[in-house]
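Peer 1:
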Amino acid sequence: MVSGRLRDSGVVDLDHGDTSAASRGDESAMSYRILLVDPNSTSQATAAAALARADYRVATVSTFEQARQQVALDCPDVLITAIRLGAFNGLQLVLRVRVECGDLPVVVTGAPADFIHDIDRYGGHFVPSTMGTAALVARVAELLAGRTPRDPDSKRRWPRKRADLPATVQDETATVIELSYEGLRFEVEKPAVAGRGALDIRLPTLGLAVKATPRWSKPIDDGESWWCGAEIALLDVDDAQSWRRIVDGLN
22 MVSGRLRDSG
32 VVDLDHGDTS
42 AASRGDESAM
52 SYRILLVDPN
62 STSQATAAAA
72 LARADYRVAT
82 VSTFEQARQQ
92 VALDCPDVLI
102 TAIRLGAFNG
112 LQLVLRVRVE
122 CGDLPVVVTG
132 APADFIHDID
142 RYGGHFVPST
152 MGTAALVARV
162 AELLAGRTPR
172 DPDSKRRWPR
182 KRADLPATVQ
192 DETATVIELS
202 YEGLRFEVEK
212 PAVAGRGALD
222 IRLPTLGLAV
232 KATPRWSKPI
242 DDGESWWCGA
252 EIALLDVDDA
262 QSWRRIVDGL
272 N
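Here it is as structure tokens:
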């Protein structure tokens with residue numbers, strides 16, 4: 022899961038939670054992505070932490086416009102929005118994102134008194150904030166049951182760019198072979214480097230320091246080194262656009 026920002030210094034600082042996908046050696050393993058829209062920083066942080074513990078990647082925004090831009094940039098697997106969004110409301114956001122992602126599962130949160138039947142009418146699922154984060158996580162799991170993550174699989178949505186960049190992973194020497202909008206592939210001599218937990222990855226030639234979640238690993242034919250795939254996620258539109266410019270800038 023993600024916490025952190027692309028700082029003004031140009032260093033990407035991302036933090037993901039733990040996952041067991043790497044141990045499966047599955048090159049296409051990806052987690053579901055949740056876009057959480059809530060102008061209340063306290064409830065936003067609480068919900069994001071609960072979703073992160075359930076191994077979802079969470080991008081958080083606070084306004085209608087930020088959410089609209091994020092969905093236009095990259096459609097998530099689930100949208101969670103507060104019913105009250107300042108001058109807008111969650112239903113207006115639901116109607117807007119249906120243009121970009123017609124089948125997107127949507128959860129609307131708010132006080133019990135905030136419920137209106139139009140939430141059901143427009144395909145939303147209301148979770149009263151009084152029910153706590155366990156109910157929210159359970160509803161998300163229910164909506165995602167049987168659905169394939171929108172992340173790239175065997176038919177990758179985003180092209181990978183050849184990189185061949187010197188790097189360190191957990192302070193061990195590595196080479197980043199490829200970058201994409203969603204993650205990277207690197208080569209190391211010690212497979213344990215890509216074990217469970219957040220990876221500290223530094224790419225000095227790009228001035229980047231990232232944290233990413235390991236997703237798969239497999240030995241190279243010579244048996245002396247390993248390929249590993251790791252997944253990153255960006256917190257907001259500015260971060261995502263900055264990372265994409267880096268990837269697009271590779272030849």
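Numbering-wise (my numbering), the sequence shown opens with residue 22 and increments by one.
For glycine and all other residues, C-beta sits at the position ideal for the given N, C-alpha and C.
In this text, all values refer to a predicted model and were calculated from it rather than measured experimentally.
Which residues in the same chain have their Cβ closer than 8 Å to the Cβ of S62, if we skip the five residues on either side of it in sequence?
Peer 2: So the list reads S83, once near-sequence residues are dropped.
Peer 1: Based on Cα-Cα distance, which residue from A73, F147, Q65, D95 lies nearest to T81?
Peer 2: T81 has its Cα closest to that of Q65, out of A73, F147, Q65, D95.
Peer 1: Do you know offhand how far A108's Cα is from L114's?
Peer 2: Answer to the nearest angstrom: the Cα atoms are 11 Å apart.
Peer 1: Let me make sure I understand the geometry here. Which of L227, P126, L186, E193 has the alpha-carbon closest to that of T169?
Peer 2: When each option's Cα is compared against that of T169, the closest is P126.
Peer 1: With R89 as the anchor, note down where its alpha helix (DSSP H) starts and where it stops.
Peer 2: Start and end: 85-94.
Peer 1: Considering only C-alpha positions, which residue in the set L72, V118, A69 is nearest to Q87?
Peer 2: Residue V118 is the option with its Cα nearest to Q87.
Peer 1: Straight-line CA distance for D59 to C96?
Peer 2: Cα to Cα, the separation comes out at about 17 Å.
Peer 1: Might you give, ordered along the chain, the residues of its own chain that have their beta carbon closer than 8 Å to the beta carbon of Q191, omitting 5 neighbours on each side?
Peer 2: Excluding residues within five positions, the ones whose Cβ falls inside 8 Å are V214, L220, D221.
Peer 1: Look at V128 and I101 and say whether their C-beta atoms are less than 7 Å apart.
Peer 2: A contact, by the Cβ cut-off of 7 Å.
Peer 1: Considering only DSSP beta bridges, list what R55 is partnered with.
Peer 2: One detail in the question is off: residue 55 reads as Ile in this sequence, not Arg. Paired residues: V79, V99.
Peer 1: Hey, could you find the ends of the alpha helix (DSSP H) R160 is sitting in?
Peer 2: Here the alpha helix (DSSP H) through R160 covers 154-165.
Peer 1: Between which two residues does the beta strand (DSSP E) holding A233 run?
Peer 2: Start and end: 229-240.
Peer 1: Taking G204 as part of the alpha helix (DSSP H), name the residues at either end of that continuous run.
Peer 2: Careful: G204 lies outside any alpha helix (DSSP H), inside the beta strand (DSSP E) at 204-209.
Peer 1: Could you check which residue in G204, I241, E252, D185 has the C-alpha nearest to that of P225?
Peer 2: The shortest Cα separation from P225 among G204, I241, E252, D185 belongs to D185.
Peer 1: Apply the 10 Å Cβ neighbour rule to I241 and answer buried if 16 or more other Cβ atoms are within range, or exposed otherwise.
Peer 2: By the neighbour-count rule (16 or more Cβ atoms within 10 Å), I241 is not buried but exposed.
Peer 1: Using only alpha-carbon positions, find the residue among I137, T151, R223 that is nearest to V231.
Peer 2: Checked all of I137, T151, R223; the closest Cα to V231 is R223.
Peer 1: Using a Cβ-Cβ cut-off of 7 Å (strictly less than) and excluding sequence neighbours within five positions of C122, which residues of its own chain qualify?
Peer 2: Hits under 7 Å: V92, C96.
Peer 1: Using CA atoms only, rank isn't needed, just tell me which of P187, T189, F136, E193 is closest to G145.
Peer 2: If we check each option's Cα against that of G145, F136 comes out closest.
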